[in-house]
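Participant: Right, I'll just put the structure down here and ask away after.
Number of protein chains: 2
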Amino acid sequence: MPFVDVIARKRDGQELSRDEIERFVVGATDGTVPDYQTSALLMAVVLRGMTDQETTWLTDARVRSGSRVDLSDLPGVKVGKHSTGGVGDKVSIALAPLAAACGVLVPKMSGRGLGHTGGTLDKLESIPGFRVGLEIPEFKAVLREVGTCIIGQTTALAPADRKLYALRDVTATVESVPLIAASIMSKKLAEGSSALVLDVKCGRGAFMKDAAGARALASTMVAIGNRAGIATEAVITRMDSPLGAAVGNSVEIAECLRVLKGDGPSDLTALVMTLAARMVVLAGEPQEARAAVAVRRALESGAGLETLRRMIERQGGDARVVDDSSRLPAARHRTSVCAERGGWLGTLDATLVGRAAAALGAGRERVDDAVDHGAGILVRARPGEQVRQGDEVLDLLYNDERRLERARTLARRSVQIVEEEPAVAPLVLESIR
Amino acid sequence: MPFVDVIARKRDGQELSRDEIERFVVGATDGTVPDYQTSALLMAVVLRGMTDQETTWLTDARVRSGSRVDLSDLPGVKVGKHSTGGVGDKVSIALAPLAAACGVLVPKMSGRGLGHTGGTLDKLESIPGFRVGLEIPEFKAVLREVGTCIIGQTTALAPADRKLYALRDVTATVESVPLIAASIMSKKLAEGSSALVLDVKCGRGAFMKDAAGARALASTMVAIGNRAGIATEAVITRMDSPLGAAVGNSVEIAECLRVLKGDGPSDLTALVMTLAARMVVLAGEPQEARAAVAVRRALESGAGLETLRRMIERQGGDARVVDDSSRLPAARHRTSVCAERGGWLGTLDATLVGRAAAALGAGRERVDDAVDHGAGILVRARPGEQVRQGDEVLDLLYNDERRLERARTLARRSVQIVEEEPAVAPLVLESIR
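These protein sequences, in sequence, are chains D and R.
By the count of this note's numbering, the first sequence reaches residue 433 at its end, each step adding exactly one.
By the count of this note's numbering, the second sequence reaches residue 1433 at its end, each step adding exactly one.
This is the structure we're talking about:
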């Protein structure tokens, strides 16, 4: 069958076969299907959708387009974690050591920041000396010794994904639940975990703006994972305002350290503990209550903090930052955005805060931009709090004065003061298993 | 705005602006919009549609992508005609001279056959010496002297259309009412007519299989024409069985001559007269009844036939074929497909008859195939007629014996014998003005 007929079948809303999806992924990657056919099919998928079966085949074909990390010689259940990305989302950096301290093996491959969202790798690299570019044997050695290791994804994993994503980015075919789900899951499945926890962000600072979209994405990813034999769970969490009280790189590392010292912001701490407990359950603890207790003990005993310290050491970082955050890079200048009138703080628009932090230098507008590890934003008043006129709401931390003006404008726009005490929705909206 | 945002707007079902559509057409033609973006937008148009306003802008941008024939120095209303294509559709070859004999100026640019449908140019070229490649000045000279002239479309008209069509063909984005309508109308508007009659075919041998699709296409084209200031009418006509009794090239020329001699098949003759009357009305005759009378007189007086004779002469053809059809190329061999049992002839599947004629050599499977002008099929029993077992239904005319087997199989499959006298639907289903 000519490939144009495959496109026509999807255009007409039919379910593609495993072979047809395989041809699509292989052809798009090796160029035997030209980009103009790939993009037409992608648009048909965006507008016609895919069944869970098709999406699972699509994921599988993308996994098989590259190599797969083999962790089978490491004993026990390897539990991966992925977040769809938000502002102030430093969860992995506290979560991975905390779950590891409970006996879970947590292999983690992360990405860099782009646009209004930061990246775990950039945050970790704010720790002097920290190396994210470990080869797989060293990755496995750290995992074995420490229980967790966080590195950058190698280009050998799911190369079809990179090719397809580049094309989707310029053809308005990013916004599709099956395409997003297959993209995320192909990378996660290639990482070799045997179970997976997904944090699907939902809200104005997230890719998915509403609960229905987040639920669809979460359900599809859970279906793909489970069909692929990887026990997969998702939590849907709010991302309207930034998570925690720090947005940037070194400031987020410092906040993770506070979480593991029992002194972190309540929203972030609660989410880290919730996800860690799910990972303990996925690793084999049948009783949820016991999993929660194990996580609390690992936090209170400092075992999570010690695991992070060992991970930093083993990955070449200056572990003295664990006890002394002032060793992290800091910005030279600080200025505040204050409440322009009294009232309650409604939401702090996460996208605007994220863009403001990026404008200060903490993030990237293009993939090859450099990152200023010290720049960032501290949230001084949390959504739902009462504020008086002139109260500091955000602190902007920066090195480059030329960057301040645009950042301040964005930061000011992020602050919403309301007349009445707002209802604060729970952070975890839903669990999907 | 980056072009990806234009694609996103159409993906989300929004109406594009005139500027956005202009960027699309210009960019797709000159390559500043890459093919992968063009095809993604085309697929979004297929699945999201376009308003009449957008389709009119799309048509206009395609017209302006090339040159436009200037017929303004010819006096009177120039009435063009277009058919969406069918099997045995030789209407233009009888219609253009007949309408011209009534005083209408009929400039006509036609195409070649491909797949199961024949092409007016191939049919005319079965007349020895006939030239379809006239330059515009000669085209206008013949128009002025004879009242009509039929040539091939020059590549200077609507070049964007050729580029877009080639891409649509390989990206499953042909099947779209706005894209088809804009493609047809951009070529027709570039031809310089001041009014236009459209014959939109509907049925198993047509591009549009059902009345709803044909009506949508007809309405869209009429809207585009009228918005562009070209008085435009459409008739929707049945294309389930072949039109007339001849399918091929020289056999269709011979049939046109019979029509203009008052001796043609009733369905074809009626359609030619109906369309000619509409063209007379569009050229300025306010009374429909008088238009019909004028057409009948032009037929009965032989004025239409004489106009065709002069057109053939002026375009270099051997005009002796008008009085002696045996001067047209004829096939050396003939064999019949007979009724396998008694009953009534239901439909003669037009697509299968067309494919059988092409298999005999009368048509093309690829654009660069040669055409055998003598090959073709004669319909001996018409749909709705009673037949006995063994009655001849189709005569297959051919030169190359190796082509017979496949053609005979297709021809046999086209014949449907039914137990009861079938209802025969009218040929003209609807008029849209």
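We treat Cβ as the ideally placed atom computed from N, Cα and C, and that holds for glycine.
In this text, all values refer to a predicted model and were calculated from it rather than measured experimentally.
Is C102(D) helix, strand or coil by DSSP?
Facilitator: Counting from 1 along the first sequence, the entry for residue 102(D) is found at position 102. Coil at C102(D), not helix or strand.
Participant: Could you check where the alpha helix (DSSP H) with T307(D) kicks off and where it finishes?
Facilitator: Looking up residue 307(D) in the first sequence gives position 307. That run of the alpha helix (DSSP H) goes A303 to R314.
Participant: Just curious, the alpha helix (DSSP H) that I224(D) is in, first and last residue?
Facilitator: Taking the first residue of the first sequence as 1, we reach residue 224(D) at position 224. A211 to R227 is the span of the alpha helix (DSSP H), which, as asked, contains I224(D).
Participant: Can you tell me whether D1155(R) is buried or exposed, with buried defined as 16 or more other CB within 10 angstroms of its CB?
Facilitator: Against the second sequence, residue 1155(R) aligns to sequence position 155. A small correction: the amino acid at residue 1155(R) is Thr; Asp does not occupy that position in the sequence shown. T1155(R) is exposed by the Cβ-count criterion.
Participant: Return the residues of the stretch 1033-1046 of chain R that lie within a Cβ-Cβ distance of less than 9 Å from chain D, sorted by chain order.
Facilitator: Correct list: P1034, D1035, Y1036, Q1037, T1038, S1039, A1040, L1041, L1042, M1043, A1044 and V1046.
Participant: For G129(D), which residues from the same chain have a beta carbon less than 7 Å from its beta carbon, with the 5 sequence-adjacent residues on both sides left out?
Facilitator: If you number the first sequence from 1, residue 129(D) lands on position 129. Answer for G129(D): G316, G317 and D318, listed in chain order.
Participant: Does any C-beta atom of chain D lie closer than 9 Å to the C-beta of T1173(R)?
Facilitator: The count along the second sequence starts at 1 and reaches residue 1173(R) at position 173. Closer than 9 Å: yes.
Participant: Answer with buried or exposed for D89(D), where buried requires no fewer than 16 other C-beta atoms within 10 angstroms of its C-beta.
Facilitator: Indexing the first sequence from 1 puts residue 89(D) at position 89. Buried, by the Cβ-count rule.
Participant: Where does M1043(R) land, buried or exposed, given buried means 16+ other C-beta within 10 angstroms?
Facilitator: By 1-based counting over the second sequence, the position of residue 1043(R) is 43. Classification of M1043(R): buried, given that the 10 Å Cβ count is 16 or more.
Participant: Could you tell me which chain R residues have their CB closer than 7 Å to the CB of I7(D), listed as they occur along the chain?
Facilitator: Counted from its first residue, the first sequence places residue 7(D) at position 7. Within 7 Å Cβ-Cβ: T1171 and A1172.
Participant: Alpha carbons only, please: which of P422(D), R388(D), P242(D) and V387(D) is nearest the one belonging to S266(D)?
Facilitator: For the purposes of this step, residue 266(D) is taken as residue 266 along the first sequence, with counting starting at 1. Per the Cα distances, P242(D).
Participant: Report back the beta-carbon spacing between V353(D) and I377(D) to the nearest angstrom; my notes put them in contact at under 8 Å.
Facilitator: Within the first sequence, the letter at position 353 stands for residue 353(D). Within the first sequence, the letter at position 377 stands for residue 377(D). So it is a contact: roughly 6 Å between Cβ atoms.
Participant: Does L1167(R) come within less than 9 Å of chain D when only Cβ atoms are used?
Facilitator: Along the second sequence, one-based indexing puts residue 1167(R) at 167. L1167(R) counts as touching chain D.
Participant: Which bits of chain R does V4(D) rub up against, with CB to CB less than 8 Å?
Facilitator: Within the first sequence, residue 4(D) is the residue found at index 4, counting from 1. Result: D1169, V1170, T1171 and A1172.
Participant: Using the Cα positions of D19(D) and V424(D), report the straight-line distance between them to the nearest angstrom.
Facilitator: Reading the first sequence from its first residue, position 19 is the one you call residue 19(D). Reading the first sequence from its first residue, position 424 is the one you call residue 424(D). The alpha-carbon atoms of D19(D) and V424(D) are separated by roughly 48 Å.
Participant: Please list the residues of the stretch 319-337 of chain D that have a C-beta atom closer than 9 Å to any C-beta atom in chain R, keeping them in chain order.
Facilitator: The residues in question: there are none.
Participant: Under 9 Å between the Cβ atoms of V1197(R) and M1279(R)?
Facilitator: Along the second sequence, one-based indexing puts residue 1197(R) at 197. Along the second sequence, one-based indexing puts residue 1279(R) at 279. In this structure, M1279(R) lies closer than 9 Å to V1197(R) by Cβ.
Participant: Between D324(D), D70(D), P75(D) and G111(D), which has its C-alpha nearest C256(D)'s C-alpha?
Facilitator: Indexing the first sequence from 1 puts residue 256(D) at position 256. Per the Cα distances, D324(D).
Participant: Assuming R403(D) and L348(D) make a contact with CB atoms under 8 Å, what is their CB distance in whole Å?
Facilitator: Here residue 403(D) refers to the residue found at position 403 of the first sequence. Here residue 348(D) refers to the residue found at position 348 of the first sequence. Wrong, their Cβ atoms sit about 20 Å apart, outside the cutoff.
Participant: Are S1072(R) and G1374(R) close, meaning C-beta to C-beta below 9 Å?
Facilitator: Here residue 1072(R) corresponds to residue number 72 of the second sequence, with the count starting at 1. Here residue 1374(R) corresponds to residue number 374 of the second sequence, with the count starting at 1. Taking 9 Å as the Cβ cut-off, S1072(R) and G1374(R) do not qualify as a contacting pair.
Participant: Ends of the alpha helix (DSSP H) at V322(D)?
Facilitator: Numbered from its first residue, the first sequence carries residue 322(D) at position 322. Neither: V322(D) is in no alpha helix (DSSP H) and is coded neither H nor E.
Participant: Would you check if the stretch 203-220 of chain D and the stretch 79-87 of chain D touch, i.e. whether three or more CB-CB distances between them fall below 8 Å?
Facilitator: The stretch 79-87 of chain D vs the stretch 203-220 of chain D: in contact.
Participant: Return yes when the Cβ of A1357(R) is within less than 9 Å of the Cβ of V1247(R), no when it is not.
Facilitator: Within the second sequence, the letter at position 247 stands for residue 1247(R). Within the second sequence, the letter at position 357 stands for residue 1357(R). Yes, the Cβ-Cβ distance between V1247(R) and A1357(R) is below 9 Å.
Participant: In terms of DSSP beta bridges, what is L1282(R) paired with?
Facilitator: Along the second sequence, one-based indexing puts residue 1282(R) at 282. Looking at the DSSP assignment, L1282(R) forms no beta bridge with any residue, so it has no partner.
Participant: Just verifying my parser: in three-state terms, what is the DSSP assignment at A367(D)?
Facilitator: By one-based count along the first sequence, residue 367(D) stands at place 367. Residue identity differs from the one stated: residue 367(D) is Val in this sequence, not Ala. Three-state result, V367(D): coil.
Participant: Alpha carbon to alpha carbon, how far is I432(D) from A234(D)? Give it in angstroms, no decimals.
Facilitator: Here residue 234(D) refers to the residue found at position 234 of the first sequence. Here residue 432(D) refers to the residue found at position 432 of the first sequence. In a straight line, the C-alpha of A234(D) is about 5 Å away from that of I432(D).
Participant: Taking the straight line between their C-alpha atoms, what separation do you get for E1385(R) and R1364(R)?
Facilitator: For the purposes of this step, residue 1385(R) is taken as residue 385 along the second sequence, with counting starting at 1. For the purposes of this step, residue 1364(R) is taken as residue 364 along the second sequence, with counting starting at 1. Straight-line Cα distance between these residues: approximately 31 Å.
Participant: When you compare the CB positions of V1025(R) and R1062(R), do they come within less than 9 Å of one another, or not?
Facilitator: Mapped onto the second sequence, residue 1025(R) falls at position 25. Mapped onto the second sequence, residue 1062(R) falls at position 62. Contact flag set, yes.
Participant: In chain order, which continuous runs of the beta strand (DSSP E) of length 3 or greater are located wholly inside the stretch 317-403 of chain D?
Facilitator: Runs of the beta strand (DSSP E) inside the stretch 317-403 of chain D: 333-338, 343-348, 376-379 and 392-398.
Participant: Counting Cβ pairs closer than 8 Å, one from the stretch 283-293 of chain D and one from the stretch 410-423 of chain D, do we hit at least three?
Facilitator: As far as the Cβ criterion goes, the stretch 283-293 of chain D does not touch the stretch 410-423 of chain D, which means the pair count is below three.
Participant: So, is the C-beta of R1048(R) closer than 9 Å to a C-beta in chain D?
Facilitator: As a position in the second sequence, residue 1048(R) is number 48, starting the count at 1. Yes, R1048(R) lies at the interface with chain D (some Cβ there is under 9 Å from its Cβ).
Participant: Only counting the same chain, and skipping five residues up and downstream in sequence, which positions put a Cβ closer than 8 Å to that of L157(D)?
Facilitator: Counted from its first residue, the first sequence places residue 157(D) at position 157. Here the set comprises G66, S67, R68, V69, M109, K187, A190 and E191.
Participant: May I ask which residues mark the beginning and end of the alpha helix (DSSP H) holding S1194(R)?
Facilitator: Here residue 1194(R) is taken as the residue at index 194 of the second sequence, counted from 1. Careful: S1194(R) lies outside any alpha helix (DSSP H) and carries neither H nor E.
Participant: Identify, in the order they occur along the chain, each residue of the same chain with its Cβ nearer than 7 Å to the Cβ of T51(D), setting aside the five sequence neighbours on each side.
Facilitator: For the purposes of this step, residue 51(D) is taken as residue 51 along the first sequence, with counting starting at 1. Taken in chain order, the residues that qualify are E15.
Participant: With burial defined as no fewer than 16 other Cβ atoms inside 10 Å of the residue's Cβ, what is the status of A212(D): buried or exposed?
Facilitator: In the first sequence, counting from the first residue as 1, residue 212(D) sits at position 212. When all chains shown are included, A212(D) counts as exposed.
Participant: Kindly confirm or deny that the stretch 1001-1014 of chain R and the stretch 1033-1048 of chain R touch, where touching means at least three C-beta pairs closer than 8 Å.
Facilitator: Segments in contact, yes.
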